[in-house]
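So the structure is just underneath, and the comments pick up after that.
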Amino acid sequence: MSFKLVNVAHRHCVFTIDENLRDFSLHDRSLLNCLFHAVNSVISRMFFKLNKSKNFTPGFIMVLHTFGRDLKWNPHIHCLLSEGGFSDDGFWRHVSHFNYSYLRNAFRTALLNEMHSKIGPSFKKIKSKCYNDHKQGFYVYAKPNLSDSKTVIKYIGRYLGRPVIATSRIDSYDGDTVPFHYNRHEDNKYIVETLPAIDFIKRLIRHIPEKYFKMIRYGGLYARHRKTDEKLYRAISKSKHRICRSFNQWRTAILSSFGYDPLECPNCKHKMELLELYYNHKRVSLEELYERAMSKSFGKRSSA
Numbered sequence: 001m002s003f004k005l006v007n008v009a010h011r012h013c014v015f016t017i018d019e020n021l022r023d024f025s026l027h028d029r030s031l032l033n034c035l036f037h038a039v040n041s042v043i044s045r046m047f048f049k050l051n052k053s054k055n056f057t058p059g060f061i062m063v064l065h066t067f068g069r070d071l072k073w074n075p076h077i078h079c080l081l082s083e084g085g086f087s088d089d090g091f092w093r094h095v096s097h098f099n100y101s102y103l104r105n106a107f108r109t110a111l112l113n114e115m116h117s118k119i120g121p122s123f124k125k126i127k128s129k130c131y132n133d134h135k136q137g138f139y140v141y142a143k144p145n146l147s148d149s150k151t152v153i154k155y156i157g158r159y160l161g162r163p164v165i166a167t168s169r170i171d172s173y174d175g176d177t178v179p180f181h182y183n184r185h186e187d188n189k190y191i192v193e194t195l196p197a198i199d200f201i202k203r204l205i206r207h208i209p210e211k212y213f214k215m216i217r218y219g220g221l222y223a224r225h226r227k228t229d230e231k232l233y234r235a236i237s238k239s240k241h242r243i244c245r246s247f248n249q250w251r252t253a254i255l256s257s258f259g260y261d262p263l264e265c266p267n268c269k270h271k272m273e274l275l276e277l278y279y280n281h282k283r284v285s286l287e288e289l290y291e292r293a294m295s296k297s298f299g300k301r302s303s304a
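Taking full-length UniProt numbering, the leading residue of the sequence shown gets 1, the next gets one more, and so forth.
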């Protein structure tokens, strides 16, 4: 995962939903996809609204948790979002202020529309109630910034990938009941709850994801398969794929490791164009490679 992350500060945002929506995804797990789609679209639109003359794309990682501190069904999305994005021509734009009012309202609207399209007309009444009960949108909040990629990776492993309940929160077991404790989210009050063993197990196993369901997903710069990357990859002849991959990995590696773009001029801050590269001690013309790739690409289109 580390090679994906840009070495910049990341914001940890949590997207929560209305209590009345929880049981829908408990009975139909496919509706959990709506949360991912809603968060993805909201973040993409937020950065699109920040764009001026250039299109900037952030990197973000979304993790689904289906449990609350009391182990009940409470699906919500944890999102690690880069504080900034890359422009199409390779420049980084830092973004330190996130409009949480927009995030709350946009997430509410996006999620309700997603669920309405999946569930159908029967969802309309619940949808109206959610709008009335949450006029300021669904609750979205952020935790302190994470400064670098190594910190982000540790954070993902320790926090976002944590189990439903840590063994330290299970106080004892007498053969019949299981007492466990937690700090209530609303007021941080210390709560001890005791359940029959079978009910405790039921609360746990409901959080086991469906087979093949992805609980962690990547968006923006961190997406595994971006359409633009696929188009460029197909446009270049197979014999040159290794050269282009090496060049892209070099630029990304420098940025991720040292926090600067090697193609950005240190004086004028404009992007420098790579005119030539050497491969196996032989000069390779990028212009020639580009013209060949483009001619093949357009040739295939015209013959199709």
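Backbone N, C-alpha and C fix where the C-beta goes; we use that ideal spot for every residue, glycine too.
With respect to the alpha helix (DSSP H) encompassing residue i, which residues constitute its N-terminal and C-terminal limits?
i	result
C130	124 to 133
Y102	100 to 119
V39	32 to 50
F24	22 to 27
Go to residue i, then tell me how far its beta strand (DSSP E) extends in each direction, as first and last residue.
i	result
S87	84 to 87
I191	190 to 196
H94	92 to 94
Report the option in the options whose CA atom is closest to the CA atom of residue i.
i	options	result
C13	L221, T66, M272, V140	V140
Q136	L103, I119, G120	L103
D199	K54, T177, F98	T177
G219	M62, R11, E264	M62
F48	N183, D28, F98	F98
S96	G84, A106, F56	G84
D70	P58, K189, L112, M115	K189
G68	A106, N267, R203	R203
R29	H134, D261, F213	F213
S168	R93, Y182, L112	Y182
A223	F138, V164, T57, E186	T57
K52	L195, S41, R93	R93
A110	S82, D261, M46	M46
N105	H134, K118, S82, S122	H134
S82	F91, G59, R162, E264	G59
G175	A197, F86, E210	A197
R217	R206, H78, A166	H78
P262	F91, K54, R22	F91
I201	S87, V164, L112, S101	V164
L221	K54, F86, R22, I43	F86
Quick one: residues in its chain with C-beta nearer than 7 Å to the C-beta of residue i, no 5 flanking neighbours on either side, listed in chain order?
i	result
N20	I126, K129, C130
H76	V14, F15, T16, I17, H65
K143	H12
G170	Looking at the sequence itself, residue 170 is Ile, so the reference to Gly does not match. Taken in chain order, the residues that qualify are V178, F180.
V152	L5, H10, L80, L146
E114	C34, H37, A38
S41	A110
S172	P179
Using a Cβ-Cβ cutoff of less than 6 Å, which residues in the same chain neighbour residue i once the five nearest sequence positions on both sides are dropped?
i	result
F24	L31
D89	K271
L50	none
L26	W73
H116	F123, K127
L195	V178
Y233	Residue confidence for Y233 is low, a pLDDT of 43 falling below 50, so the modelled location carries little weight; the figure read from the coordinates is stated next. Excluding residues within five positions, none has a Cβ falling inside 6 Å.
I191	Y182, R184
Please name the residue or residues paired with residue i in a DSSP beta bridge.
i	result
G59	G220
K143	H12
H76	H65
P164	In the sequence on display, residue 164 carries Val and not Pro. Beta-bridge pairing links V164 to no other residue.
P179	T194
L81	R11, F60
E264	K271
State the DSSP-derived secondary structure class of residue i, mapped to helix, strand or coil.
i	result
H270	coil
R69	coil
R203	helix
Y173	coil
E19	helix
Y155	helix
K150	helix
S2	The predicted position of S2 is uncertain, since its pLDDT is 47 and thus under 50; no value can be drawn from it.
Would you check whether the ligand NAD has a heavy atom nearer than 6 Å to the C-beta of residue i?
i	result
Y131	Because no ligand of any kind appears in the structure shown, any question about the ligand NAD cannot be addressed here.
CB-CB under 8 Å to residue i, same chain, minus the five flanking residues each way: which ones, in chain order?
i	result
C265	K271, M272
M215	V63, L64, P209
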